[in-house]
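Protein chains in written order, with the working numbering: chain A, 243 to 351; chain B, 4 to 215; chain C, 170 to 814; chain D, 40 to 547; chain E, 31 to 518.
For each residue, glycine too, the CB sits at the ideal point set by N, CA and C.
Read through the structure below, which is laid out as structure tokens, and then see the notes.
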Amino acid sequence: MGAPVPTEAWVALSAALFAIGAIGVLTRRSAILVFLSVELMLNAANLALVAFARQWAAAGTQVAMSGQTVVFIVLAIAAAEVAVGLGILVTIFRDRVSTDVDTLSEVRL
Amino acid sequence: MLVFIVLSVVMLIGAIGVVTLRQPVHAALSLVGTLLTLGVAYVQLHAHFLAAIQVIVYAGAIMVLFLFVIMLLNLGDEGPVTPRLAWIRPAAWIVGAVTAAGIAAAVFADPRVLPDAATIAAVFTGSGVEQIADQLFGPYVLSFQLVGVLLLTGIVAAVGLVQRKAVTSASAQGRSVGASGRTPPKAPPMDAGATSAGTRSRSSSATAERGR
Amino acid sequence: MSDPAAWIALVPAIALIGALINGLFGRSFREPFPGVLATAVAASGFVLSLVAFVALQGREQARVGLELWPYLQAGTFELSLGVMVDPLSVLMMLVITGVGTLIHLYSVGYMHADAGYSRYFSFLNLFIAAMSVLVLADSFVLMFVGWEGVGVASFLLIGFWYQTKANADAARKAFIVNRIGDVGFLLAMFLMVATFGTLNIAEVNAAAVGLAFGSGTAALIGLFLLVAAAGKSAQLPLQVWLPDAMAGPTPVSALIHAATMVTAGVYLIARTAPLFSMTPLASAAVAWVGALTALVAALAALGQTDIKKILAYSTISQLGYMFVAVGVGAYWVAIFHVFTHAFFKALLFLGSGSVIHALGGEQDIRRMGGLGAKMKITGTTSLIATLAIAGVPLLSGFFSKDAILAHAFTSLHLDGYGTYGLYGVLLVTAALTAFYMFRWYYGIFGGKSRMDAKAAARVHESPATMTVPLMVLAFFAVFAGYLGLPEFAFPNWIAHWLEPATLGGLTEVPFRHPAAWVEWTLILASIVAAGVGLALGWWIYAARGGAPVRGLAEGRLARLSRSGLGFDAAYRALFIGGAEGTASGVAVLDRDLVDRGLLGLGSALGLFGRLAARLQSGFVRSYAFTMFVGVGVLVILVAWMGVRA
Amino acid sequence: MTAAAVLIPLIAAIVAWRLPRRGAGVVALVGTLATFLVATFLAGAPAIQIAWLPALGIGIGLDPAGASSVLILAAALTMIPTVITAGRHVGDRDAPTFLALLLVMQASLNGLFLASDLVLTYVFWEATLIPSLLMLGLFGGERRRGAVTKYLVYAVSGSFLMLASILALRPLSGAESYAFADLLPAARALDPVTQAWLFAGFVAAFAVKLPLFPLHSWLIDFHRQNHPSGVADVAGTLYKVGGFGFFAWAIPLLPLGAQAFQPWLLTLAAVTAVWGGLAATQQKDLKSLMAYMSLSHMGIVGVGVFSLTAAGMTGAMILLAAQMLSTGGLFLLTGMLHRRRGTFELDAFGGLAKSAPALAAVTLLVLFAAIGVPGLSNFPGEFMSLMGGFAASPWLISAAVAGSVVAAGVYGVNTYQRLYQGRAREGTRDLSPLDVLVMAPIVAGILWLGLAPAPQIARIDAATVVALELEVETTSETTGEIPPGGAQSVSAGEDAIPTPDLALGGEP
Amino acid sequence: MITPPDGMALLPLAPLLTLLITASAALLIGVTTGDARNGGALAVLGLLVAALFAGLRLMDAAGGVPVTSFGLQWQVDAPSAGLALTVLIGAFLAVLIGWDALARTGMDRPEYYPLLLLATAGAIVMIHAADFVVLLLGLEILSLAVYALSAWRDGDRQSEEAGLKYFLLGAFASAVLIYGVALVYGATGAFAYTAVAAALGEGPTAPLALLGGVLVLAGLGFKVSFAPFHQWAPDVYTGAPTPVTAFMSVVVKAAAFGALVRVFALAWPQALPELDTILAALVALTLLVGNFGALLQSGVKRMLAYSAVAHAGYLGLAVLAAGQGMLGQQTVAWYLLAYTVMNAGAFAVLSQVMGDDPRGDRIEAWEGLGTRRPGLAIAMTLFLFSLAGLPPLAGFFGKALAVQAALQAGWTALAVLALITAVVAVVYYLRVVWAMWLAKGGEGTPLRSAPANWAIGLAAAGTVALGLFPSVWYGLLEGVRVVIRAGL
């Protein structure tokens with residue numbers, strides 16, 4: 243199996259995922275894809291949590307497992323967000339037949 | 004290490020696919036790929052239970068919901084770039100790269116020694132279900148309960164949002180003959196008067212209730 | 170108040186009450202009452218002054234102080250209002266209330282049937298009140314109260330017939346020029362406080378002799394006081410207001426602008442004699458200002474045609490004499506001249522008033538002449554006054570003027586500041602005085618009438634209320650001089666009387682004591698000067714009917730003289746234009762510069778706001794971008810901190 | 040007693056606001072008379088100290104010592120005719136509000152003068168701003184909006200910076216509370232640099248309110264646009280509290296800061312005095328003229344305060360009280376003239392002395408008081424202010440005296456002449472009995488302060504001396520780096536006032 | 031099963047439980063009867079009972095002593111109880127404001143009040159959270175409910191747009207926050223504040239912890255609308271239905287700031303000085319952007335949105351102080367109650383003046399309000415004066431406390447900047463006042479709503495009372511029993 247990959251490497255990977263997710267938020271115009279990008283960011287966070295959980299193994303089960311537990315909770319958060327997000331998406335789509343976020347600039351006027 | 008590199012490459016390609024592929028369906032599928040790869044990564048990181056959850060719940064259930072909505076709304080190509088915002092794409096990549104590099108630099112500037120394999124193995128025994136359960140129903144019991152509240156909130160919110168659409172489109176149909184559900188209904192005219200609007204809304208929501 | 174000498178402190182109060190009664194209720198009084206009331210007030214002041222005068226006789230310490238009430242206080246500096254009764258102030262009070270009473274009396278007739286009858290007497294009493302405050306004050310602050318008070322009264326009385334713009338303008342001019350003088354007074358006071366820590370006159374005087382002789386501080390205080398005195402006493406360069414002040418009723422000119430108020434400057438310097446005695450520089454400035462003023466005013470008087478303006482310039486000129494006197498350190502002489510001048514100049518003015526009254530307002534001497542026959546009392550008394558001012562021996566003016574000339578000649582205080590020059594200027598001026606005064610007298614009373622017949626027929630002698638004062642004044646114009654006969658040969662009461670009140674034994678001002686023949690020669694020289702002036706006047710106007718100067722009448726020199734040597738025009742060009750320009754510049758700048766600055770700031774802020782609004786484009790992605798940039802910047806910051814650490 | 044000075048007008052304001060015009064007028068008059076009565080007994084009244092927000096050292100402290108009682112008395116006296124005028128000459132519908140605002144103004148002004156806790160001071164400082172803003176805003180002229188905005192921006196900019204200084208005083212000095220007595224020793228012990236910074240905050244507020252050149256532009260618009268009755272202008276005149284702020288708070292608390300700023304502030308004050316005077320000579324509008332005149336007076340107040348001498352500071356306070364009466368009286372007269380002619384244009388008047396001699400006489404008296412004719416109200420203050428200024432900076436103040444005194448003569452006499460002298464085009468009503476009633480307190484006050492100011496001065500002087508004496512102590516404690524020039528201005532006595540070094544040769 | 035060391039005491043959770051029970055009940059009643067008003071009545075009841083619990087906790091002499099529960103995940107002390115009370119008051123006022131408007135604008139669907147109660151519950155969770163996980167959950171509960179409420183108005187494009195915008199940006203910010211929490215865990219191995227603080231206290235600042243802290247700050251900064259994470263606020267405030275905006279502006283703000291200040295005060299007190307510097311920079315930017323942005327707005331609702339941003343800046347000052355162990359928590363809590371009453375009051379007036387016209391907040395609608403509806407105008411003037419920080423109203427002491435806290439903590443320049451920008455604030459607030467009182471004419475007829483008027487009255491009373499008796503509330507927050515001293 244070779245030497246274990248250091249935590250820093252995993253976190254760097256998660257940072258890359260996080261950044262790509264953020265880029266998606268900035269560049270995607272369809273609301274649902276923006277939302278997908280946010281999911282990417284949440285997963286980046288999860289990856290970091292899991293990597294850190296392994297790192298904290300030396301500090302005992304309590305500390306180490308809390309990281310994994312929180313991943314579980316974040317998953318639930320993501321799920322709840324999806325529910326509400328898709329709800330909003332659907333309502334707005336019914337009014338506009340579009341989920342292009344660039345059309346959401348009426349309020350300013 | 005090799006596994007890590009392969010995983011990273013696949014994961015990043017998937018991620019880049021999410022933010023670049025023109026067809027929403029493709030992007031979503033690309034995300035599924037990334038999520039699956041993540042599941043493998045969790046295995047690598049001794050989080051077997053999470054890996055399973057990741058694949059089943061996330062890549063499975065949640066993403067299916069996404070795909071469902073994409074298909075339901077029949078979302079197609081994003082269309083031409085909004086000229087006023089064309090600058091964002093290059094800028095976003097630059098800022099993104101810099102941010103990722105920054106995080107990585109900060110992490111590497113604060114290196115930690117990985118515990119030896121034995122320690123890790125001692126902690127992460129089995130699938131991890133038991134340990135997570137201990138946490139969730141021990142120190143994190145409050146959080147666990149709150150997750151319940153959160154999900155309740157999500158449901159109530161989603162239902163509240165979507166259900167009124169049924170109401171309004173029903174009332175809209177009631178008024179304008181032949182109007183299709185896809186036609187964006189106008190906001191109720193203001194001159195309808197406060198009371199009548201209120202009554203209508205109440206009665207129609209009652210209708211919706213019966214319908215359900 | 171147990172000391173009768175201190176009763177004089179009631180004079181201002183009485184006069185003020187008189188002014189208030191006439192001012193508030195005057196319009197409900199019938200005609201002579203306001204005048205009678207005011208005259209009674211002035212007369213009671215005279216009585217109180219006499220009481221004080223008598224009470225002071227023969228006292229060792231001829232000074233009575235009366236503290237009234239505290240006024241200012243700041244840290245250790247304290248100042249109370251108080252009255253100082255001493256020979257100097259009592260003498261001044263006698264003049265003020267005495268001449269004042271006569272002029273009040275005169276006014277009863279003169280102002281007959283004027284619409285502002287009661288107002289006039291109210292103002293006149295106000296003047297008496299202010300003037301007595303000025304004279305009796307024991308501190309410079311209280312003196313300043315009177316100082317500005319007489320200025321206010323003067324303003325009110327010059328502009329008495331305010332509906333004519335010229336009168337109102339004259340009043341304004343007087344007030345403003347006096348204000349310039351007041352600046353000097355204020356600065357002098359500030360410097361006194363800074364130097365001596367007190368503004369009590371006696372204390373300042375006592376402290377002033379402690380300064381080094383010729384000290385710069387003393388000189389500066391003296392120069393500031395000179396500015397104040399020049400303003401009030403119409404000396405160069407602030408003399409311009411007095412001729413215009415003739416716009417007021419003639420009794421006012423007699424009282425305020427001849428006999429009393431304008432001598433306040435002289436009084437001020439005499440009051441601060443110890444201080445001036447320490448500074449030859451300031452004294453010389455005083456003397457030379459006086460001498461030049463005397464000459465300039467005399468030259469200006471030559472060309473005047475207005476009956477009162479000639480007298481106004483003559484007043485300025487005589488005040489110049491007094492300034493020379495205080496300048497050279499002959500303080501009692503100056504007051505002596507104030508004393509004599511009060512009588513004959515008041516007499517001259519009242520005489521002119523009588524003439525103007527008789528001619529129904531005519532003031533141009535070119536349209537008079539030959540009135541001596543019809544107005545016997547006026548003519549005779551005016552002649553006495555003319556001779557007195559001209560310096561004809563044995564009349565009052567002769568003695569006081571001669572004393573000034575002699576002291577200028579023998580001054581050691583101003584050694585090195587051209588005392589002989591002073592003497593020379595004054596001597597020439599004396600001749601000029603005799604000349605223009607003869608012209609004045611002869612133009613009015615002598616020769617043939619130059620009026621139209623109808624007007625001439627209406628000429629009449631004035632009523633008794635007006636002629637009685639003339640006669641009383643004439644008496645004094647003749648005999649007042651005998652109080653101050655030349656010291657070297659005769660007993661001199663007034664010098665003896667005033668000495669403790671001016672220098673007060675604190676210090677001495679040195680004079681040469683030349684041989685008796687020199688003194689006699691000086692007297693002779695004055696007589697000759699007066700004689701030459703009179704003779705020349707007689708020759709030109711009486712003997713040749715004005716022919717020798719007829720060609721000059723419309724010439725450039727005459728115009729120059731008539732315009733008061735062009736001071737008004739020069740000031741208008743130099744200062745008034747400049748000041749107006751500055752002020753209007755300030756007014757314009759104030760609206761533009763300061764406001765624009767604010768507007769500029771406002772628009773700069775607006776720019777900032779617009780920038781903020783521009784970022785608020787409404788696009789989700791743009792917002793997300795901003796957020797992400799924020800995150801990125803923070804991350805980079807942290808990474809930089811981490812790598813550096 | 041002390042609290043009554045604030046509460047009585049406040050309660051009267053609330054009551055008057057909800058009453059019809061006549062009732063409001065009566066209530067307001069009673070309220071202001073009662074306040075005056077309280078004010079006359081204020082001098083010996085006990086101080087009040089109540090906790091407000093004790094956790095942060097904020098309290099409610101009212102102390103009638105020193106200049107406070109004098110200013111309150113003068114303000115209360117001025118308020119009587121002002122309230123009468125407002126009750127009588129403001130439109131039916133507006134009168135109750137107007138009266139209420141006036142009384143609120145008085146209440147908060149009194150509070151401002153009395154406050155002995157710095158945070159409370161600030162509270163009253165802003166509380167005073169609001170009624171004056173509202174009076175201008177609600178009852179002002181055509182272009183009041185611009186005037187309001189300008190006034191607001193100026194006032195608030197300054198006062199918020201002052202708030203920064205106030206709030207910083209306690210933490211920086213380590214004082215127990217914001218009570219003046221607690222802050223005084225602590226703040227004086229601060230180092231000169233800190234003091235200077237803190238002082239700068241106070242300068243921002245007080246220099247605007249004083250106002251000092253070039254921050255005065257709001258004042259002109261303020262007066263021009265205010266209600267033609269002149270009532271609001273009187274309120275504005277009472278509200279010229281910048282000098283008091285320096286005197287009562289900034290300078291005693293931060294003497295070293297004050298010394299650091301003194302040369303600049305003294306110069307600006309001198310410029311203000313001359314600038315205002317010169318500009319006043321050029322005005323064609325009566326209210327602008329009054330505004331510039333008032334500006335000039337404030338310059339003189341500034342000269343007195345920034346002289347940092349006992350004479351100057353005391354004089355500035357008594358001048359502040361005096362100008363309430365004189366300038367306030369002039370604004371009331373301005374209102375009377377406006378009611379007679381419907382305009383403020385000087386050119387529209389002339390020759391009124393014939394038909395309205397009493398009006399002319401009163402105007403002249405008040406005008407002469409305003410230009411500092413001795414024996415009337417402004418003179419003692421002006422004299423002492425300039426005297427103090429002269430001790431601090433002889434040449435500068437000489438120039439200022441020359442400029443301002445002469446300019447005062449010019450605009451004073453000009454104004455009178457243009458209003459009352461010359462040929463009358465048409466007659467006008469003379470003073471009505473009500474007008475006499477209005478002007479009587481003003482005239483009485485002018486004579487009172489002009490002839491016998493000593494008791495009031497003594498009261499102020501006591502405060503000044505205490506402040507300056509303390510200053511001597513701190514200066515000597517912190518000696519060393521403070522140059523002797525710093526200590527010189529501290530002195531209150533004759534011995535210590537430096538004889539200006541005059542390089543004028545005396546030898547012939 | 032591992033029992034938490036401090037047990038699972040439910041009493042500290044009483045307000046939360048009350049809200050959850052009420053929410054469920056309201057939901058049940060709402061969907062069965064289909065009438066939102068029943069839910070509303072229940073909501074009022076629930077909020078009052080919850081407030082009673084929070085208030086009792088606050089009045090308790092032992093209120094100052096922190097009580098933890100559920101394994102350090104929940105902490106109740108005087109500031110948190112005060113913040114909870116603030117949130118409940120804000121929610122109560124928001125309910126009153128919306129009472130009539132809901133029916134009028136077709137928002138009276140039965141889920142409205144349950145959602146509002148759940149959102150409030152989320153806010154309560156955030157405030158009492160002593161653990162990042164609980165904080166996250168509370169934040170999400172609150173956010174999801176408010177996202178939905180923003181988009182609540184039927185068929186109104188602006189409302190929907192606001193909802194989606196808020197949701198997308200909010201989800202983005204949540205992701206950042208969660209990532210930050212992950213990094214904090216990586217650096218300290220803990221989620222509980224006290225454990226984090228203990229771990230951080232051991233050594234020099236770890237870059238990882240700092241990075242985590244920065245991301246947490248950014249994530250919470252979004253909710254409290256710190257610049258540059260504030261841009262959603264103006265659009266969402268404007269687009270969302272006014273009752274929801276009122277709720278957002280007070281409850282969300284209070285909860286987010288409560289959470290932020292507790293993170294700074296409990297999780298890394300004095301442990302991350304660099305983070306304080308960064309926070310200071312954000313606060314400075316926020317002050318500038320908020321105040322100058324507001325200056326340019328023509329709509330009052332949007333102006334209030336910017337004003338909310340600006341107030342975040344002032345609150346930030348106090349948070350800074352809290353991070354340095356100064357009186358920051360009390361100051362934040364004090365300020366938030368002041369802000370809640372005055373801002374809710376302003377929105378209550380706004381909701382009546384605007385009516386249902388989405389453009390009804392433009393300045394013309396306010397012109398002459400002083401003559402048309404003097405009561406409304408007076409109240410609005412009071413609220414605006416208070417928002418502007420003029421004494422002796424609540425807003426003044428809020429600002430003064432915040433500035434003082436900052437000064438005490440040594441942030442002098444920032445305090446001065448805060449006061450300078452406050453000048454700008456005065457201008458834009460008073461512009462509305464001028465419009466109401468100085469401008470003649472004007473258009474539109476403000477609605478009349480008794481509940482909203484109740485809200486205005488309560489808010490006005492609170493605004494004045496907090497200004498006149500600041501120490502009462504402050505004393506409670508300090509955990510000190512306060513005896514109100516009467517008399518002068």
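- prompt: Along the chain, where does the beta strand (DSSP E) that runs through V862 of chain C open and close?
  reply: Outside the displayed span of chain C (170 to 814) sits residue 862 of chain C, for which this structure offers no information.
- prompt: Who are the neighbours of Y336 of chain E on chain D, taking C-beta pairs under 7 Å?
  reply: Here residue 336 of chain E is taken as the residue at index 306 of the fifth sequence, counted from 1. Simply none; closest approach about 18 Å.
field: Collapsed DSSP secondary structure at P522 of chain D in the structure displayed
entry: For the purposes of this step, residue 522 of chain D is identified with residue 483 of the fourth sequence, where counting begins at 1. Because P522 of chain D carries a pLDDT of 37, less than 50, the predicted location of this residue cannot be relied on, and the following value inherits that uncertainty. Residue state for P522 of chain D is assigned as coil, using DSSP reduced to three classes.
Chain D residues whose Cβ lies nearer than 7 Å to that of V349 of chain E: Here residue 349 of chain E refers to the residue found at position 319 when the fifth sequence is read from its first residue. Simply none; closest approach about 17 Å.
- prompt: Mind checking H665 of chain C: buried by the 16 CB within 10 Å criterion, or exposed?
  reply: Position 496 of the third sequence holds residue 665 of chain C. Residue environment for H665 of chain C: exposed (fewer than 16 other C-beta atoms within 10 angstroms of its C-beta).
- prompt: Under 8 Å between C-beta atoms, does S453 of chain E make it to chain D?
  reply: If you number the fifth sequence from 1, residue 453 of chain E lands on position 423. Reading the sequence as shown, one finds Val at residue 453 of chain E and not Ser. Chain D, which has a Cβ nearer than 8 Å to the Cβ of V453 of chain E, makes this yes.
field: Beta carbon of F241 of chain D nearer than 8 Å to that of M356 of chain D
entry: The residue labelled residue 241 of chain D in the question sits at position 202 within the fourth sequence. The residue labelled residue 356 of chain D in the question sits at position 317 within the fourth sequence. Not a contact, by the Cβ cut-off of 8 Å.
message: Which residues does DSSP list as the beta-bridge partners of F680 of chain C?
response: The residue you call residue 680 of chain C lines up with position 511 of the third sequence. Beta-bridge pairing links F680 of chain C to C:S580.
query: In the stretch 25-54 of chain B, which residues sit with their C-beta less than 8 Å from some C-beta in chain A, listed in chain order?
result: Taking 8 Å as the Cβ-Cβ cut-off against chain A, the residues of the stretch 25-54 of chain B that qualify are P27, A30, A31, L34, T37, L38, L41, A44, Y45, Q47, L48, H49, A50, F52 and L53.
query: Nearest-angstrom Cα distance between L213 of chain E and K331 of chain E?
result: In the fifth sequence, the residue the question calls residue 213 of chain E occupies position 183. In the fifth sequence, the residue the question calls residue 331 of chain E occupies position 301. Rounded to the nearest whole angstrom, the CA to CA distance from L213 of chain E to K331 of chain E is 38 Å.
field: Spatial distance of H526 of chain C from G343 of chain D (CA atoms)
entry: Locating residue 526 of chain C in the third sequence gives position 357, counting from the first residue. Locating residue 343 of chain D in the fourth sequence gives position 304, counting from the first residue. When the Cα atoms are used, H526 of chain C and G343 of chain D turn out to be separated by approximately 52 Å.
message: Closest to P109 of chain E by C-alpha separation, out of E:A285, E:A39, E:S255 and E:L147, would be which residue?
response: Here the question's residue 109 of chain E lines up with position 79 in the fifth sequence. Relative to P109 of chain E, the option among E:A285, E:A39, E:S255 and E:L147 whose CA is nearest is E:A285.
message: Give me the chain E residues within the contact set of W298 of chain A, using Cβ-Cβ distance strictly less than 7 Å, ordered along the chain.
response: Start at 1 with the first residue of the first sequence, and residue 298 of chain A comes out as number 56. What W298 of chain A touches in chain E: G219.
- request: Tell me whether A395 of chain D sits in a helix, a strand or coil according to DSSP, three-state version.
  value: Start at 1 with the first residue of the fourth sequence, and residue 395 of chain D comes out as number 356. Here A395 of chain D sits in coil by DSSP.
message: Given this structure, state the Cα-to-Cα distance separating L179 of chain C from A243 of chain D, to the nearest angstrom.
response: By 1-based counting over the third sequence, the position of residue 179 of chain C is 10. By 1-based counting over the fourth sequence, the position of residue 243 of chain D is 204. Spanning the two alpha carbons is a distance of roughly 51 Å.
message: Comparing C-alpha positions only, which one of B:V150, B:Q166, B:V165 and B:F140 sits nearest to M38 of chain E?
response: Here the question's residue 38 of chain E lines up with position 8 in the fifth sequence. The shortest Cα separation from M38 of chain E among B:V150, B:Q166, B:V165 and B:F140 belongs to B:F140.
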